[in-house]
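Q:
Protein chains: 2
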Amino acid sequence: MDFISLLKSKNLKATPQRLSVLEVLDKNGHPTMEEIYEEIKREFPSISLATVYKNINTLRESNTVIEINTQNGKTRYDIYVKPHTHIICKKCGSIRDVDFLESIYEYQEEIGKKWNYDVKRIDVTAIVDNCPLCTH
Amino acid sequence: MDFISLLKSKNLKATPQRLSVLEVLDKNGHPTMEEIYEEIKREFPSISLATVYKNINTLRESNTVIEINTQNGKTRYDIYVKPHTHIICKKCGSIRDVDFLESIYEYQEEIGKKWNYDVKRIDVTAIVDNCPLCTH
DNA sequence: CTATTTGCAAACCCTTTGCAAAAAT
DNA sequence: ATTTTTGCAAAGGGTTTGCAAATAG
Numbered sequence: 078m079d080f081i082s083l084l085k086s087k088n089l090k091a092t093p094q095r096l097s098v099l100e101v102l103d104k105n106g107h108p109t110m111e112e113i114y115e116e117i118k119r120e121f122p123s124i125s126l127a128t129v130y131k132n133i134n135t136l137r138e139s140n141t142v143i144e145i146n147t148q149n150g151k152t153r154y155d156i157y158v159k160p161h162t163h164i165i166c167k168k169c170g171s172i173r174d175v176d177f178l179e180s181i182y183e184y185q186e187e188i189g190k191k192w193n194y195d196v197k198r199i200d201v202t203a204i205v206d207n208c209p210l211c212t213h
Numbered sequence: 078m079d080f081i082s083l084l085k086s087k088n089l090k091a092t093p094q095r096l097s098v099l100e101v102l103d104k105n106g107h108p109t110m111e112e113i114y115e116e117i118k119r120e121f122p123s124i125s126l127a128t129v130y131k132n133i134n135t136l137r138e139s140n141t142v143i144e145i146n147t148q149n150g151k152t153r154y155d156i157y158v159k160p161h162t163h164i165i166c167k168k169c170g171s172i173r174d175v176d177f178l179e180s181i182y183e184y185q186e187e188i189g190k191k192w193n194y195d196v197k198r199i200d201v202t203a204i205v206d207n208c209p210l211c212t213h
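Line by line, the protein sequences are chains Z and A. Under this note's numbering, the letters of the first sequence match residues 78 to 213, in that order. Under this note's numbering, the letters of the second sequence match residues 78 to 213, in that order.
#1: Determine whether the Cβ of Z:Glu186 lies closer than 8 Å to any Cβ atom of chain A.
#2: Determine, for Z:Val158, whether the minimum Cβ-Cβ distance to residues of chain A falls below 8 Å.
#3: Classify A:Val98 as buried or exposed, calling it buried when 16 or more other Cβ atoms lie within 10 Å of its own Cβ.
#4: Which whole-angstrom value describes the C-beta separation of Z:Val201 and Z:Lys167, a residue pair presumed to lie in contact below a C-beta threshold of 8 Å?
#5: Please classify Z:Ile124: does DSSP put it in a helix, a strand, or coil?
#6: To the nearest whole angstrom, what separates the beta carbons of A:Pro108 and A:Arg153, a pair I think is in contact under 8 Å?
#7: Name the chain A residues that come within less than 8 Å of Z:Ile199, Cβ to Cβ?
#8: According to DSSP, is A:Thr135 helix, strand or coil?
#9: For Z:Asp103 and Z:His163, what's the separation of their Cα atoms in angstroms?
#10: With 16 other CB atoms within 10 Å as the buried threshold, where does Z:Thr92 fall?
#11: Going along chain Z, which residues have a C-beta under 8 Å from A:Thr162?
#12: Give the residues of chain A in contact with Z:Val175, contact being defined as C-beta atoms less than 9 Å apart.
#13: Does the CB of Z:Asn88 have a neighbour CB from chain A at under 8 Å?
#14: Give the DSSP-derived three-state secondary structure of A:Val101 in the structure shown.
#15: Taking buried to mean at least 16 other C-beta atoms within 10 Å of its own C-beta, is A:Ile113 buried or exposed?
#16: Could you check which residue in A:Ser171, A:Gly170, A:Gly150, A:Ile145 has the C-alpha nearest to that of A:Pro160?
#17: Across the region 175 to 195 of chain Z and the region 79 to 92 of chain A, are there enough close Cβ pairs to call them in contact, namely three or more that are closer than 8 Å?
#18: Going by C-alpha distance, which of Z:Tyr157, Z:Cys208, Z:Asp195, Z:Cys169 is nearest Z:Ile133?
#19: Work out the CA separation of Z:Ala203 and Z:Asp155 for me, nearest whole Å.
#20: Pick from Z:Pro122, Z:Lys190, Z:Val196, Z:Asp176: whose alpha carbon is nearest that of A:Gly189?
#21: Can you list, in chain order, the residues of its chain whose CB lies under 7 Å from that of A:Glu181, leaving out five sequence neighbours each side?
And the structure:
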C-alpha cells in the first residue's frame with residue numbers, strides 16, 4: 078500500500094513522522110500509543126509522544142485508523158483497510174483479527190435499512206475470558 | 078429484575094450504593110460515570126465518585142455491566158442483560174440499542190468454533206457519522 | 001465475627017493544549 | 001507563501017489507590 082498517495086487523497090501532509098505511524102500500524106498488530114511511540118523512536122529519536130497522539134487523532138478523523146478498546150484498560154490502534162472481526166481477550170487484552178464472514182455485511186445493511194441510518198462501518202468484537210496468549 | 082438476587086448470585090454484597098448504580102443503569106440509557114454519580118447523589122448525597130468507579134469495575138468483572146466506547150471520547154456503561162446491537166453516532170456520541178437479529182448468534186458460534194475460542198459475548202456496533210440527535 | 005465496601009484525598013496515569021520553530025505543498 | 005505539522009513542557013481530566021471507618025452477611 079502506498080501511504081503517500083493515501084495521505085494525499087485525504088488531504089493530509091506526508092511527514093516522515095506520520096508515515097512512520099502508518100508503517101508501525103501496518104507492521105505491528107494493534108499497538109498501543111506507547112508502543113507506536115517507542116517503535117518510531119528507534120529510527121526517529123526526536124519524535125515526541127504528542128506528535129504520535131496528534132497523528133493518530135488526525136488519522137482517526139479521516140477514517141484511516143480505528144481505536145480498539147481491549148476491555149482490559151488498554152487502548153490499541155489498527156489501520157482500517159478492510160473490515161474484520163476482532164477477538165479480544167478480556168484477561169490479557171490481546172487482539173486477534175479474523176476475517177468477516179459474508180453474512181455480516183447483510184447484517185450491516187439490514188440494520189441500516191431497518192432503523193434508517195447510513196452505517197459507515199460495523200465493528201464486531203468477540204469477547205473471550207481466556208486465550209492461548211494469557212501467561213498468568 | 079431483582080438486583081439483590083442478581084448480586085447474591087455473583088457473590089457481591091448488596092450495598093445501597095451498589096444497588097443504586099444498577100438502578101441508574103437500568104433506568105437511564107447508557108450513562109457516563111459522571112452521570113451515574115450525579116444521579117445517585119440526588120438521593121444519596123454522601124456517595125463518592127470513587128465508590129461509583131469501584132462498583133462499576135466490580136460489576137464489569139462479573140459480566141453484569143459492559144463498557145461502551147462511543148468514538149467521541151466518552152465512555153458509557155450498560156447493564157448486560159441481553160445482547161443487542163449498539164448504533165453509535167461518531168459526532169455526538171449517542172448510543173441507540175437495537176435488537177440482535179437471530180443470525181448474529183450463528184455468527185458468534187461460527188467464530189468460536191472456527192478459531193477455537195469460548196466466546197463469552199459478541200459486541201456488534203454500527204458506526205454512523207450523523208444521527209437525529211445531533212444538534213450542531 | 002470476618003470479609004467486603006465505603007469515602008476521602010492524594011497520587012497517577014493518559015491525553016490534550018499552546019505556542020514558536022520547522023517542514024510540506 | 002501559506003498552511004500544516006512538529007516538539008516541548010505544562011495543564012488538564014479521568015481513574016485508581018491507600019487506608020481507616022462503616023457495613024453486609
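Where is the CB? At the ideal position from N, CA and C, for every residue including glycine.
A: This is what the structure gives:
#1: For the purposes of this step, residue 186 of chain Z is identified with residue 109 of the first sequence, where counting begins at 1. Closer than 8 Å: no.
#2: Taking the first sequence and counting its residues from 1, one reaches residue 158 of chain Z at position 81. Judged by the 8 Å Cβ criterion, Z:Val158 is not in contact with chain A.
#3: One-based indexing of the second sequence puts residue 98 of chain A at position 21. With 16 or more Cβ atoms within 10 Å of its Cβ, A:Val98 is classed as buried.
#4: Locating residue 201 of chain Z in the first sequence gives position 124, counting from the first residue. Locating residue 167 of chain Z in the first sequence gives position 90, counting from the first residue. About 16 Å separates the two Cβ atoms, so there is no contact after all.
#5: On the first sequence, residue 124 of chain Z is found 47 positions in, with the first residue counted as 1. In this structure, Z:Ile124 counts as coil in the three-state DSSP scheme.
#6: Against the second sequence, residue 108 of chain A aligns to sequence position 31. Against the second sequence, residue 153 of chain A aligns to sequence position 76. Correct: roughly 6 Å between the Cβ atoms.
#7: Counted from its first residue, the first sequence places residue 199 of chain Z at position 122. Those within 8 Å of Z:Ile199 in chain A are Val201, Thr202, Ala203, Ile204.
#8: On the second sequence, residue 135 of chain A is found 58 positions in, with the first residue counted as 1. If DSSP states are grouped into helix, strand and coil, A:Thr135 belongs with the helices.
#9: Walking along the first sequence from the start, residue 103 of chain Z turns up at place 26. Walking along the first sequence from the start, residue 163 of chain Z turns up at place 86. Their backbone Cα atoms lie some 16 Å apart in a straight line.
#10: Numbered from its first residue, the first sequence carries residue 92 of chain Z at position 15. Z:Thr92 should be labelled exposed.
#11: Against the second sequence, residue 162 of chain A aligns to sequence position 85. Those within 8 Å of A:Thr162 in chain Z are Ile188.
#12: Within the first sequence, residue 175 of chain Z is the residue found at index 98, counting from 1. In chain order: Ile188, Lys191, Trp192.
#13: In the first sequence, counting from the first residue as 1, residue 88 of chain Z sits at position 11. By this cut-off, Z:Asn88 is not an interface position.
#14: Counted from its first residue, the second sequence places residue 101 of chain A at position 24. Here A:Val101 sits in helix by DSSP.
#15: Indexing the second sequence from 1 puts residue 113 of chain A at position 36. Label assigned to A:Ile113: buried.
#16: Residue 160 of chain A sits at position 83 when you count from the first residue of the second sequence. Closest by alpha carbon: A:Ile145.
#17: With the cut-off at 8 Å, the region 175 to 195 of chain Z and the region 79 to 92 of chain A do not touch.
#18: Within the first sequence, residue 133 of chain Z is the residue found at index 56, counting from 1. Measuring from the Cα of Z:Ile133, the nearest candidate turns out to be Z:Tyr157.
#19: Locating residue 155 of chain Z in the first sequence gives position 78, counting from the first residue. Locating residue 203 of chain Z in the first sequence gives position 126, counting from the first residue. Straight-line Cα distance between these residues: approximately 16 Å.
#20: Taking the first residue of the second sequence as position 1, residue 189 of chain A is located at position 112. Of Z:Pro122, Z:Lys190, Z:Val196, Z:Asp176, the residue nearest in Cα terms is Z:Asp176.
#21: Taking the first residue of the second sequence as position 1, residue 181 of chain A is located at position 104. Strictly speaking, residue 181 of chain A in this sequence is Ile, with Glu absent from that position. Ile199, Val201, listed in sequence order.
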